[in-house]
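Numbering (the numbering used here), first residue to last: 142 to 602.
For each residue, glycine too, the CB sits at the ideal point set by N, CA and C.
Comments concern the structure below.
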Ligand SMILES: Cc1cc2nc3c(=O)[nH]c(=O)nc-3n(C[C@H](O)[C@H](O)[C@H](O)COP(=O)(O)OP(=O)(O)OC[C@H]3O[C@@H](n4cnc5c(N)ncnc54)[C@H](O)[C@@H]3O)c2cc1C
């Protein structure tokens, strides 16, 4: 530890918390990470299937995920990431359409007129090239698409995506978010084949998480699992962190990497302004059914379900990205769903979800039979999808909270980006740098930290 090393608590052992812990230790501080769960990884946690680790929620990297690539390189693990061309499909009105190339788009008959299809293709190119986010602020994705893509494209392509992901709040999602998401997906395409190229780490992304934990421990960091923080108390210019288990420790600084809602439950009062910012982002929970099948299901890695008679939005066939041999010959399918807290889907048991979902798989592959299912798992996560609504860019909560020494770095601050390990890595690094600056001796001359300005939106990579 360097002279004058400070003590820092990090709450949450997901990507942001682990990366922040590592960077703070590298700065020479003492760091104690509190994780509520029995293992670290957060939304990137893994389980075992056929002798291989696999993420509980599907995960891949885009070629533009610069921060993730840099970190994996630093950990000498970049060679373990394999980049695969993938294919995608759309299930609409009871039929599965390939949707990977321009030819697929031109053949996409749910857009009845060729003019609509060409318009959609040109729109994709325009959105991919556009770099000025301000053009999309102040207008909802649904209104923008209605005007620019046309009513039919809106109904067939965009509205199902937005409703499936954000539920009742879909009407309020800004175009900036959708534009950014379209750019991200296009940016990962191979120019010649037009196929999306996605990265996956051999042995799962749990490999880099484990490597980071080893480095954290080697630098003297403490990683405590099953340690849900119950309360943060401001005490004599320090912060006391109390866990549900009854332990209490005092720190010079605390970084929370948990959701806005979770922070509000455990933190001291912030005052109206900051509390209002925290409350301005709503959340969806995630439920994800994972199936191990005897046979392949769709032929695509990514299937968008744009048919609202199906009770899920996406079907991700992992073994169309990674060979089934890695999973002992099993074919692995994820059926994730972002759900509103208290909704019927969100409360279903694994058996009930399987009963609701499986009959629809036969519509996607008429040969599918429930006897193909060898094993099923259900994973859930609270506050797994922040919902951004119009004007959110000016309402984001800053990383420095009004409580001196208490910082926040979470997925609600990455607007206009969608959740992704890349942005959680950036969050962890950004927060660690900020805390390091505030803890450095020269900053002791500065006035107590108040609200920092709204975090700069993450620059597109
Ligand atoms: C369905 C799904 C699919 C995804 N697909 C991809 C993908 O393909 N590619 C990609 O890059 N990213 C993907 N992501 C996003 C990625 O998983 C997240 O961006 C990233 O893992 C978030 O990390 P985090 O540290 O910000 O938050 P989290 O992972 O949510 O970590 C927060 C941690 O805090 C802990 N915690 C909460 N409360 C407390 C408390 N009181 N005390 C102590 N600990 C607490 C939680 O247990 C958790 O471990 C996906 C996410 C989901 C849900």
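The residues 306, 425, 427 and 526, in chain order, have a CB closer than 6 Å to that of residue 479 in the same chain once the five nearest residues on each side in sequence are set aside. No heavy atom of ligand 1 is found nearer than 7 Å to the CB of residue 445. If you check the C-beta of residue 477 against ligand 1, you find a heavy atom less than 7 Å away. Between the alpha carbons of residue 578 and residue 149 lies a distance of about 13 Å. Under the three-state reduction of DSSP output, residue 153 falls in the coil class, being neither helix nor strand.
Residue 430 is not a Cβ neighbour of residue 486, given a cutoff of 8 Å. Counting along the chain, residue 307 sits inside no beta strand (DSSP E); it lies in the alpha helix (DSSP H) bounded by residues 300-307.
Annotation for residue 285: the continuous alpha helix (DSSP H) segment containing it runs 282-289. By the Cβ neighbour-count rule, residue 482 is exposed, with fewer than 16 other Cβ atoms within 10 Å of its own.
No residue range can be given for residue 240, since it is assigned to no alpha helix (DSSP H) and is classified by DSSP as neither H nor E.
Rounded to whole angstroms, the separation of the alpha carbons of residue 165 and residue 172 is 7 Å. For residue 385, there is no enclosing beta strand (DSSP E), as DSSP marks it with neither H nor E. Under the DSSP definition of a beta bridge, residue 338 partners with 226.
For residue 221, the three-state secondary structure derived from DSSP is helix.
For the alpha helix (DSSP H) assignment, the uninterrupted runs of no fewer than 4 residues enclosed by the stretch 412-479 are, from N- to C-terminal side, 413-420.
Judged by DSSP in its simplified three-state form, residue 170 adopts coil rather than helix or strand. Taking every protein chain shown into account, the CB of residue 446 has 16 or more other CB atoms within 10 angstroms, so this residue is buried. In the structure shown, the three-state DSSP call for residue 327 is helix. Residue side-chain check: residue 357 keeps its Cβ at 7 Å or more from all non-hydrogen atoms of ligand 1.
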